[in-house]
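Residue numbers (the numbering used here), protein chains in the order written: chain A, 1 to 111; chain B, 112 to 718.
#1: Given that residue 645 of chain B touches chain A, what residues does it touch there, using C-beta distances under 7 Å?
#2: My output table needs one value for residue 687 of chain B: the three-state DSSP class, helix, strand or coil.
#3: Taking 6 Å as the limit between beta carbons, can you name the residues of its chain near residue 296 of chain B, skipping five residues before and five after?
#4: Between the Cα of residue 69 of chain A and the Cα atoms of A:18, A:3 and A:5, which residue gives the shortest distance?
#5: Hey, quick one: how far does the beta strand (DSSP E) through residue 525 of chain B stretch, first residue to last?
#6: Between which two residues does the alpha helix (DSSP H) containing residue 165 of chain B stretch?
#7: Quick check: what's the CA-CA separation for residue 567 of chain B versus residue 576 of chain B?
#8: Rounding to the nearest angstrom, what Cα-Cα distance links residue 603 of chain B and residue 309 of chain B in this structure?
#9: Looking at chain B, which residues of the region 57-69 of chain A have a Cβ within less than 7 Å of any of its Cβ atoms?
#10: Is the Cβ of residue 75 of chain A closer than 7 Å to any Cβ of chain B?
#11: Decide if the region 423-439 of chain B is in contact with the region 390-400 of chain B; the criterion is three or more beta carbon pairs, one per stretch, under 8 Å apart.
#12: Could you tell me whether the Cβ atoms of residue 21 of chain A and residue 43 of chain A are closer together than 7 Å?
#13: Measure the CB-CB distance between residue 572 of chain B and residue 473 of chain B and report whether it falls below 7 Å.
#14: With C-beta atoms as the reference, is residue 160 of chain B less than 7 Å away from residue 193 of chain B?
#15: Considering only the alpha carbon of each residue, which of B:340, B:179 and B:356 lies closest to residue 268 of chain B?
#16: Quick one: grab the DSSP three-state call for residue 53 of chain A.
#17: Would you list the residues sitting across from residue 418 of chain B in a DSSP beta bridge?
#18: Leaving aside the five residues before and after residue 449 of chain B along the sequence, list all residues of the same chain whose C-beta is less than 8 Å from its C-beta, in chain order.
#19: Looking at C-beta atoms only, is the number of pairs between the region 582-590 of chain B and the region 553-562 of chain B that lie closer than 8 Å three or more?
#20: Can the beta-carbon of residue 579 of chain B be found closer than 7 Å to that of residue 399 of chain B?
#21: Using the Cβ count rule (16 or more neighbours within 10 Å means buried), how would you classify residue 656 of chain B?
#22: Comparing the C-beta of residue 98 of chain A with each C-beta of chain B, is any distance below 7 Å?
#23: For residue 504 of chain B, which three-state DSSP category applies?
#24: When you check each C-beta in the region 490-511 of chain B against every C-beta of chain A, which residues fall closer than 7 Å?
#25: Are the beta-carbon atoms of residue 685 of chain B and residue 672 of chain B separated by less than 7 Å?
#26: Any beta carbon from chain B within less than 7 Å of residue 51 of chain A's own beta carbon?
#27: Around the Cβ of residue 208 of chain B, are there at least 16 other Cβ atoms within 10 angstroms (buried) or fewer (exposed)?
#28: Using a Cβ cut-off of 9 Å, pull out every chain B residue sitting near residue 84 of chain A, in sequence order please.
#29: With burial defined as no fewer than 16 other Cβ atoms inside 10 Å of the residue's Cβ, what is the status of residue 157 of chain B: buried or exposed?
#30: Any residues in the region 26-37 of chain A with a beta carbon nearer than 7 Å to a beta carbon of chain B? Which ones, in chain order?
#31: Could you give the residue range of the beta strand (DSSP E) that holds residue 591 of chain B?
#32: Going along the region 381-408 of chain B in order, which residues come within less than 8 Å of chain A, judged by CB to CB distance?
#33: With 16 as the cutoff for other CB atoms within 10 Å, does residue 482 of chain B come out buried or exposed?
#34: Using only alpha-carbon positions, find the residue among B:353, B:248, B:282 and B:344 that is nearest to residue 311 of chain B.
#35: Tell me, please, whether the CB atom of residue 48 of chain A is closer than 7 Å to any CB atom in chain B?
#36: Are the CB atoms of residue 379 of chain B and residue 359 of chain B nearer to each other than 7 Å?
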């Protein structure tokens, strides 16, 4: 069969009912300011770790709220907890606590 | 041997206290490592023990540090502690004077007036009685002040006091009852034997209308029971600090420190907390409604209650440690407890950042993450370093790298060590002779955790040196400023004078109530991951109000994080010390430029 250079894209839709939202609920419960995030990307723009990696808190927050947690561990492992994201955040999200809570949630078994 | 059944509560209590403390102290000392035991031995069997004895006398008995906090509060503590101590000493001397036995059981000096009432005291006897009455009066005045403090602690310089739990309340009440009970028993015996002095005699005259003889024996029983109750509650209440503080002072002077969570020194620390509540006013979080002060933290640690938010919710500013009259390193305990979950951020830092330029230089400048958020500091430091005449380079010019302290403060030591190893190799490979950093947080980490082969200075120290050597020009301006000591630079690294001398050369430095070791935290501390930004800004606002910044033109600080936090709420402009110094350089150059321009225009006009 001749190759035309095209491939079939896997389905991209996000099913919030089926996805793993336990981490999102856990963080929401322990740090309500997490919900205030407007995904503006200020955190990612200022991120020190973002210089060397794909780390961006905006991305992490988005993935967690969608329940796509497979990539999250790899991303937040780059975080240096320096807190610059917290200083630039226009919505005053307590970013350092959010990061620590994600680490914690990934470690513990959540129902 | 003299004995009566009423001494049993007292004797049982005393035996219990000595037994409990003996076992407790023995366990703590046994848990020390071999090296630490050697240090302790060296301290105890040498002349340096004298230091500990002196400290025990001045702090455990006279409470000098509490006197410095507030004289009335100091008097209250000293009258109880030192007064009671003298009462015991004098009682024992008095017994030696009267008793036919050379060795007496411990209850005889306490209940001397029961066992050997002196019916016709001679000159010395009257002297003893007078001194005993005087001491009792001093102690009773302390107790009266303690009662009064319950209702009006503000008179004692305390805005807030400790919320005690049940056992502490019982211990306090029994302590309060001990001395009135003694006064009653002594006065009744004075009414019968007429051997009292000014205090007991006066009271005995009032009491003589009552059936004193039938009241005396129950009064001794009552005195013994309250003593016993106090001794039985002592090991489980705040008053455990009385015996433990002695051990703490000896261990501290021997140079032993806690360096992991659960170290025996830490246990001595937690038991030494007297829950006096002085740290509550020192803690800025108390003003925004957080009961997370060392007094509550150490209490839940001691009774092993869950306290996760107490561990996390702390600015680690060190104000409580500075204020603590016992000298408990509570911030260290919190930091050590945070490391319990240290493998959480065990990471794979994909550091691609390598040195691009490797030419040997004199000064290596490390801006730090927070400085990158305040470009004015970076710019000022660039201008200062250019004028200094030294060859220099910025380590983190285009990409920010971290010193590792944020991870350390969050307890993630595994990850922090990786960052430290990486950044250390970058610094060592740059072959510089001096490392200058703009961030006190980095400065503290570089000095304490890096073991660098080159000296590290904060930029305020560096600017001070440049100005002293006349390497950069200084232009005095007619402005008045206030200086805020950053926690990590001041209490953390004890750099107080260099920033002040830099400011004094350039501007008029206004005095600040909260300065040096007593300086306030800006609230933005990296130590606290618990509180949100709103609370942090509230803390910053309160700090600015307490510093009364309105009277100054500028608020000067030496930390980019303080600057960033303060500038969002400050009514006056906030500047870094580097900005002040850089502007001062510009000011000296600008007049020359003006003169040249004026000359130019003048020559044009002539033509």
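In this text, a Cβ means the ideal position worked out from N, Cα and C, and glycines have one as well.
Checking against the coordinates, here is how it stands:
#1: Residue 645 of chain B sits at position 534 when you count from the first residue of the second chain. Chain A residues near residue 645 of chain B: 92.
#2: By 1-based counting over the second chain, the position of residue 687 of chain B is 576. Note: residue 687 of chain B maps to strand in three-state DSSP.
#3: On the second chain, position 185 is the one that residue 296 of chain B refers to. Excluding sequence neighbours, residue 296 of chain B sits near 330, 331 and 334.
#4: Translated into the one-based positions of the first chain, residue 69 of chain A becomes position 69. For residue 69 of chain A, the nearest C-alpha among the options comes from A:18.
#5: By 1-based counting over the second chain, the position of residue 525 of chain B is 414. Segment 524-540 is the alpha helix (DSSP H) holding residue 525 of chain B; no beta strand (DSSP E) there.
#6: As a working note, residue 165 of chain B is residue 54 in the second chain. Residue 165 of chain B -> alpha helix (DSSP H) spans 160-166.
#7: Along the second chain, read from residue 1 onward, the residue named residue 567 of chain B stands at position 456. Along the second chain, read from residue 1 onward, the residue named residue 576 of chain B stands at position 465. Roughly 13 Å between the two C-alpha positions.
#8: Here residue 603 of chain B corresponds to residue number 492 of the second chain, with the count starting at 1. Here residue 309 of chain B corresponds to residue number 198 of the second chain, with the count starting at 1. Approximately 53 Å between the Cα atoms of the pair.
#9: none
#10: Along the first chain, read from residue 1 onward, the residue named residue 75 of chain A stands at position 75. Not an interface residue.
#11: yes
#12: Taking the first residue of the first chain as 1, we reach residue 21 of chain A at position 21. Taking the first residue of the first chain as 1, we reach residue 43 of chain A at position 43. Not a contact, by the Cβ cut-off of 7 Å.
#13: Position 461 of the second chain, counted from the start, is the residue given in the question as residue 572 of chain B. Position 362 of the second chain, counted from the start, is the residue given in the question as residue 473 of chain B. No. Outside cutoff.
#14: As a working mapping, residue 160 of chain B is identified with position 49 in the second chain. As a working mapping, residue 193 of chain B is identified with position 82 in the second chain. No, the pair does not count as a contact, with Cβ atoms beyond the cut-off.
#15: Sequence index remark: in the second chain, residue 268 of chain B carries index 157 (1-based). Comparing Cα-Cα distances from residue 268 of chain B to each of B:340, B:179 and B:356, the minimum goes to B:179.
#16: The residue labelled residue 53 of chain A in the question sits at position 53 within the first chain. In the structure shown, residue 53 of chain A sits in coil (DSSP, three-state: anything other than H, G, I, E or B).
#17: For the purposes of this step, residue 418 of chain B is taken as the residue at position 307 of the second chain. Answer is none; residue 418 of chain B lacks a bridge partner.
#18: Residue mapping note: residue 449 of chain B aligns to position 338 of the second chain, counting from 1. Excluding residues within five positions, the ones whose Cβ falls inside 8 Å are 422, 423, 520, 521 and 522.
#19: no
#20: On the second chain, residue 579 of chain B is found 468 positions in, with the first residue counted as 1. On the second chain, residue 399 of chain B is found 288 positions in, with the first residue counted as 1. It is not a contact, given that the beta carbons lie outside the stated cut-off.
#21: For this step, residue 656 of chain B is matched to residue 545 along the second chain. Per the 10 Å Cβ criterion, exposed.
#22: Residue mapping note: residue 98 of chain A aligns to position 98 of the first chain, counting from 1. So no, residue 98 of chain A is outside the interface.
#23: Reading the second chain from its first residue, position 393 is the one you call residue 504 of chain B. Strand.
#24: 510 and 511
#25: Working through the second chain from its first residue, we reach residue 685 of chain B at position 574. Working through the second chain from its first residue, we reach residue 672 of chain B at position 561. No, the pair does not count as a contact, with Cβ atoms beyond the cut-off.
#26: In the first chain, the residue the question calls residue 51 of chain A occupies position 51. Answer yes: the Cβ-Cβ gap between residue 51 of chain A and chain B drops below 7 Å somewhere.
#27: For the purposes of this step, residue 208 of chain B is taken as residue 97 along the second chain, with counting starting at 1. It is exposed - the Cβ of residue 208 of chain B has fewer than 16 other Cβ atoms within 10 Å.
#28: By one-based count along the first chain, residue 84 of chain A stands at place 84. Chain B residues near residue 84 of chain A: 480, 481, 483, 484 and 511.
#29: Your numbering for residue 157 of chain B matches position 46 in the second chain. When all chains shown are included, residue 157 of chain B counts as exposed.
#30: 33
#31: As a first step, residue 591 of chain B is located in the second chain; it is residue number 480 there, counting from the start. Unbroken beta strand (DSSP E) run through residue 591 of chain B: 591-595.
#32: none
#33: In the second chain, the residue the question calls residue 482 of chain B occupies position 371. Per the 10 Å Cβ criterion, buried.
#34: For the purposes of this step, residue 311 of chain B is identified with residue 200 of the second chain, where counting begins at 1. Among B:353, B:248, B:282 and B:344, the Cα nearest to that of residue 311 of chain B belongs to B:248.
#35: For the purposes of this step, residue 48 of chain A is taken as the residue at position 48 of the first chain. Yes, because at least one Cβ of chain B sits closer than 7 Å to the Cβ of residue 48 of chain A.
#36: Stepping through the second chain from its first residue, residue 379 of chain B is reached at position 268. Stepping through the second chain from its first residue, residue 359 of chain B is reached at position 248. Contact: yes.
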